[in-house]
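K.L.:
Numbering (this note's numbering), first residue to last: 19 to 229. Glycine included, C-beta positions come from ideal geometry on N, C-alpha and C.
1) If we ignore side chains and look at the alpha-carbon of each, how far apart do residue 42 and residue 204 end up?
2) Taking contact to mean at least 3 C-beta pairs separated by less than 8 Å, is the region 161 to 172 in contact with the region 124 to 143?
3) Check for me: the alpha helix (DSSP H) holding residue 151 runs from which residue to which?
4) So the beta strand (DSSP E) residue 200 belongs to, where does it begin and stop?
5) Can you round the beta-carbon distance between residue 28 and residue 62 to whole angstroms, since I take them to be within the 8 Å contact cut?
6) My assumption, with CB atoms under 8 Å, is that residue 108 sits in contact with residue 126. Please give the rounded CB distance.
7) Identify the continuous alpha helix (DSSP H) that holds residue 50 and give its terminal residues.
8) Go to residue 95, then tell me how far its alpha helix (DSSP H) extends in each direction, as first and last residue.
9) Touching or not, the region 208 to 220 and the region 181 to 198, by the rule of three or more beta carbon pairs under 8 Å?
10) Does the beta-carbon distance from residue 68 to residue 36 come in below 8 Å?
11) Roughly how many angstroms lie between the CA atoms of residue 91 and residue 84, to the nearest whole one?
12) For residue 128, count the other beta carbons within 10 Å of its own beta carbon; 16 or more makes it buried, fewer makes it exposed. Which is it?
13) Is it true that the CB of residue 87 sits closer than 8 Å to the CB of residue 114?
14) From the DSSP output, which residues share a beta bridge with residue 221?
15) Give me whichever residues DSSP pairs with residue 107 in a beta bridge.
16) Are the CB atoms of residue 192 and residue 153 nearer to each other than 8 Å?
17) In terms of residue numbering, what span does the beta strand (DSSP E) encompassing residue 33 cover?
18) Excluding the 5 residues flanking residue 225 on each side, which residues of the same chain have their C-beta closer than 8 Å to its C-beta?
19) Thinking C-beta only, is residue 100 closer than 8 Å to residue 78?
20) Return the CA-CA distance between residue 223 and residue 161, expressed in angstroms with no decimal places.
21) Check residue 159 in the structure and name its three-state DSSP category.
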């Protein structure tokens, strides 16, 4: 039986991924609640989405830390300590987040490509899709992984694939990949809720559903 996962969602922009979580929670297909939403920008629309849903919000503005993401991460950790959190979900969070020891294996991220392709520092947003098209790839997709303390590096949980069409632009490709992100991220969180994810070194084993 799944337990209800208490999530902290970290974001920097529109909050489309947050909205996807909330929609699936309301539909009863995701056993989770969002305990708090943290943004690196005060003007992020994701904060407004959270407020409209009655979710506590915190802004830890990246500009205050002038690129010192270690210090920024510590500030976020202090904020999260005030809330019940089982899982941290990075949802378009555009700053490096250092995962504390107690949340290794309990912090997820999603990347808009098939890791280890087109990932790492500097590969984010439309830059990823531009690179995919420039390289003439025939397929791309998204990857949900446990975050560690390297960019796009932690053990992979799920990947979903989409075709790259001859007439794709970064915008059309991004839209197709995001549709798969909306499936993959909640699916990974639901597996976590059901206790079906086991990390074995660089691999994540998905355990069978319990009778």
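P.N.:
Well, looking at it:
1) Counted from its first residue, the chain shown places residue 42 at position 24. Counted from its first residue, the chain shown places residue 204 at position 186. When rounded, the distance between both Cα atoms is 8 Å.
2) With the cut-off at 8 Å, the region 161 to 172 and the region 124 to 143 touch.
3) For this step, residue 151 is matched to residue 133 along the chain shown. Taken as a continuous stretch (DSSP letters only), the alpha helix (DSSP H) holding residue 151 covers 144 to 152.
4) Here residue 200 refers to the residue found at position 182 of the chain shown. No beta strand (DSSP E) holds residue 200; the alpha helix (DSSP H) holding it covers 188 to 211.
5) Translated into the one-based positions of the chain shown, residue 28 becomes position 10. Translated into the one-based positions of the chain shown, residue 62 becomes position 44. Actually they are not in contact, since the Cβ atoms of residue 28 and residue 62 sit about 11 Å apart, beyond 8 Å.
6) What you label residue 108 is simply residue 90 of the chain shown in a count that begins at 1. What you label residue 126 is simply residue 108 of the chain shown in a count that begins at 1. With 8 Å as the limit, residue 108 and residue 126 qualify as a contact, their Cβ atoms being about 7 Å apart.
7) As a working mapping, residue 50 is identified with position 32 in the chain shown. Not the alpha helix (DSSP H): residue 50 falls in the beta strand (DSSP E), residues 50 to 57.
8) Here residue 95 is taken as the residue at index 77 of the chain shown, counted from 1. Its alpha helix (DSSP H) spans residues 87 to 98.
9) no
10) Sequence index remark: in the chain shown, residue 68 carries index 50 (1-based). Sequence index remark: in the chain shown, residue 36 carries index 18 (1-based). Cβ distance < 8 Å, so residue 68 and residue 36 count as in contact.
11) Counting from one through the chain shown, the residue named residue 91 turns up at place 73. Counting from one through the chain shown, the residue named residue 84 turns up at place 66. Looking at the two C-alpha atoms, the distance is approximately 13 Å.
12) As a first step, residue 128 is located in the chain shown; it is residue number 110 there, counting from the start. Buried: at least 16 other Cβ atoms inside 10 Å.
13) For the purposes of this step, residue 114 is taken as residue 96 along the chain shown, with counting starting at 1. For the purposes of this step, residue 87 is taken as residue 69 along the chain shown, with counting starting at 1. It is a contact, given that the beta carbons lie within the stated cut-off.
14) Counting from one through the chain shown, the residue named residue 221 turns up at place 203. Partner(s): 174 and 218.
15) Mapped onto the chain shown, residue 107 falls at position 89. According to DSSP, which records beta bridges pairwise, residue 107 is partnered with 27 and 126.
16) Within the chain shown, the letter at position 174 stands for residue 192. Within the chain shown, the letter at position 135 stands for residue 153. No, Cβ-Cβ distance for residue 192 and residue 153 is not below 8 Å.
17) Working through the chain shown from its first residue, we reach residue 33 at position 15. Secondary structure note for residue 33: it is in no beta strand (DSSP E), with a DSSP letter that is neither H nor E.
18) Position 207 of the chain shown, counted from the first residue, corresponds to residue 225. Excluding positions up to five away in sequence, the list reads 213, 214, 215 and 216.
19) Looking up residue 78 in the chain shown gives position 60. Looking up residue 100 in the chain shown gives position 82. Contact flag unset, no.
20) Position 205 of the chain shown holds residue 223. Position 143 of the chain shown holds residue 161. Computed Cα separation, rounded: 15 Å.
21) Taking the chain shown and counting its residues from 1, one reaches residue 159 at position 141. DSSP places residue 159 in strand when its eight states are reduced to three.
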